[in-house]
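Participant:
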Amino acid sequence: MISDLYNQHTITPTFLNHTFIPLNIQVSASTNDVLFIDTENASENEELIFNWFSNQQLSNGLLESVENGNIVSLYDNALAAMVYMLKDDFTKAEKIFDFFNARIHSELTNGVGGFSQLRDRSGVPNNHRWMGDNAWLLIALNNYKDRTGNASYDNLASEISNWLRSLQDTDGGLFAGYNPDNSLMNFKVTEGNIDAFNAIDGYTDFHSQLLDFLENNRWDDVDKNLVAWPTNPTYLYALDLHPWSYAIFNNYPITALTTAHRFLTTKTATNGAQITGYCFDEDKDTIWPEGTGQMALAFGIAGMHNEKESYLAEMENVLIQSKNHLNAAGFPYASNPGTTFGSNALWTGADTEIAISGGAWYLFAKHDFNPFAVGRDKNIPEVEMFWMN
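In this text, residue positions in the sequence shown follow my numbering: the first is 50, and each later residue adds one.
#1: Alpha carbon to alpha carbon, how far is Tyr360 from Asp87? Give it in angstroms, no decimals.
#2: Does the beta-carbon of Ala225 have 16 or more other beta-carbons within 10 angstroms, so that it is buried, or is it exposed?
#3: For a quick check, are the C-beta atoms of Met437 and Asn247 less than 7 angstroms apart?
#4: Under the three-state reduction of DSSP, which class applies to Ser77: helix, strand or coil?
#5: Quick one: grab the DSSP three-state call for Gln166.
#6: Once the 5 residues before and after Ile60 are set aside, which same chain residues still bring their CB inside 7 angstroms of it?
#7: Taking 7 angstroms as the limit between beta carbons, can you name the residues of its chain near Asn228, skipping five residues before and five after?
#8: How far does the beta strand (DSSP E) with Phe380 in it reach, from first residue to last?
#9: In terms of DSSP beta bridges, what is Leu313 paired with?
#10: At which residues does the alpha helix (DSSP H) containing Phe132 begin and terminate?
#11: May I have the straight-line CA-CA distance separating Phe64 from Thr314, to the nearest angstrom?
#12: Looking at C-alpha atoms only, which residue of Glu365, Asn385, Gln105, Phe348 is the closest neighbour of Ile145?
#13: In the DSSP assignment, what residue or residues form a beta bridge with Tyr227?
#14: Please report how far the alpha carbon of Glu402 lies from the alpha carbon of Asn150, in whole angstroms.
#15: Taking the alpha carbon of Ala189 as the reference point, which residue from Ile429, Ala383, Phe413 has its own alpha carbon closest?
#16: If distances are taken between C-alpha atoms only, which option among Gly163, Lys372, Ala422 comes closest to Asn100?
#17: Among the residues of its own chain, which have a CB less than 8 angstroms from the CB of Ile369, if the five just before and after it don't count?
#18: If I follow the unbroken alpha helix (DSSP H) through Asn299, where does it start and stop?
#19: Report, in whole angstroms, the separation of the C-beta atoms of Val423 and Asn183, which I expect to be a contact under 8 angstroms.
#20: Is it buried or exposed for Pro420, if we count other Cβ within 10 angstroms and need 16 for buried?
#21: Hey, is the region 286-295 in contact with the region 266-275, meaning 3+ C-beta pairs nearer than 8 angstroms?
#22: How about Phe148 and Leu111: do their beta carbons lie closer than 7 angstroms?
#23: Measure the alpha-carbon distance for Arg425 versus Ala206 and round it to whole angstroms.
#24: Apart from the five residues on each side of it in sequence, which residues of its chain come closer than 6 angstroms, Cβ to Cβ, to Gln258?
#25: Give a yes or no on whether the C-beta atoms belonging to Ile324 and Asn366 are separated by under 7 angstroms.
#26: Measuring CB to CB, does Leu187 end up less than 7 angstroms from Ile209?
#27: Could you give the C-beta distance for Asn211 and Gly160, rounded to a whole number, given that I count them as a contact under 8 angstroms?
#28: Roughly how many angstroms lie between the CA atoms of Gln166 and Gly340, to the nearest whole one?
#29: Write down every uninterrupted run of the beta strand (DSSP E) in the region 327-356 whose length is 3 residues or greater and which is fully enclosed by it, in chain order.
#30: Under the DSSP definition of a beta bridge, which residues are partnered with Val115?
Structural data, given as structure tokens:
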């Protein structure tokens, strides 16, 4: 006890990879309170990945999704905006938001509406408008508003929310979006539906009806998991639904994380390293760093810190040094050639070039940053939490 001390003493806290402010405090028996502020130091790998994100941004605010590519993904740029927020670099995040804010009338609310999933580095869209990608931009905007209180993008957020709501069908589910010819994509993607559920503020009839859709059309009551492709048993389950559902819904079964072992595999990566991690689906033909990072984050949320640290360390086995930027690194989209969710082959370079998504989720897990946290507490009536039954 401090009150039992004789004379003055110096308290100097130490903990591996942490910095304390102040460095030490002089105390005596008359000292009432001792307070140190603890900050975890960024590892060398974290700094290399942050540097890659910092250097990857183009003058128009966008980031190419893959180094040495000419494809800009809306989802990836939403992730990048939140990576910048982790470093309190709101200026870089705002450059991404400014790009889309300037295109509300020309893209988002024009015709059938929505922002394109993909565009080229100059910003020209391909007009394939996916619901889930737009939901991710709204999730990033929600996090920005929560951290800064800045209302500059409130109209952008409101218009994205309106567009997402417009996709709701009579069964409560949201259609996938629109094709380049403006025809409706007349099917529903489970991941996009839970993203939109989280992204749209509050708990309203919209949310209640969406939960009805998920319970009636996407819930496996035996496995206690949401499913991706109900009519295709080979690809019934998708990895990202496991960590995302756990991160989105309060009181979601922790078994979602253990049943994800169905996707777990060990591979010799293209760089020659052995890596254990998660595949997109149960064919287990490659390891998906992004999905492995998502699982690491979910393990952290669940308090399973050994598992979190283990899979982050596994990811580091496929860390790639940047070919374009000094002191910068990141993860490929996949550990080796294979297929994405389903049977479609990955593109050439998916296993050799740095991609945004793996680095983003690695950093989210390292910093215990749940991008869904801002929209998580919706006061859902317990009777509507079908996953608790």
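Every residue, glycine too, gets a C-beta built ideally from N, C-alpha and C.
Facilitator: To lay it out plainly:
#1: Below a pLDDT of 50, predicted positions are generally treated as unreliable, and Asp87, at 48, falls in that range; the measurement from the model is reported next regardless. Rounded to whole angstroms, Asp87 to Tyr360 spans 25 angstroms at the Cα level.
#2: buried
#3: no
#4: coil
#5: coil
#6: Asn73, Ile74, Val76, Val83
#7: His177, Met234
#8: 378-381
#9: Tyr327
#10: According to the sequence displayed, residue 132 carries Val and not Phe. Segment 123-135, the alpha helix (DSSP H) holding Val132.
#11: Any reading at Phe64 must be qualified, since the residue scores a pLDDT of 46, below 50, and its modelled position is unreliable; the value itself is stated next. Going by the C-alpha atoms only, they are around 34 angstroms apart.
#12: Gln105
#13: Arg178, Leu233
#14: 30 angstroms
#15: Phe413
#16: Lys372
#17: Asn320, Ala378, Gly379, Phe380, Pro381, Thr401, Glu402, Ile403
#18: No alpha helix (DSSP H) holds Asn299; DSSP gives it neither H nor E.
#19: No, Val423 and Asn183 are not in contact; Cβ-Cβ is about 17 angstroms, not under 8 angstroms.
#20: buried
#21: yes
#22: yes
#23: 17 angstroms
#24: Gly221
#25: yes
#26: yes
#27: Actually they do not touch by this definition, with Cβ atoms about 14 angstroms apart.
#28: 19 angstroms
#29: none
#30: Ala404
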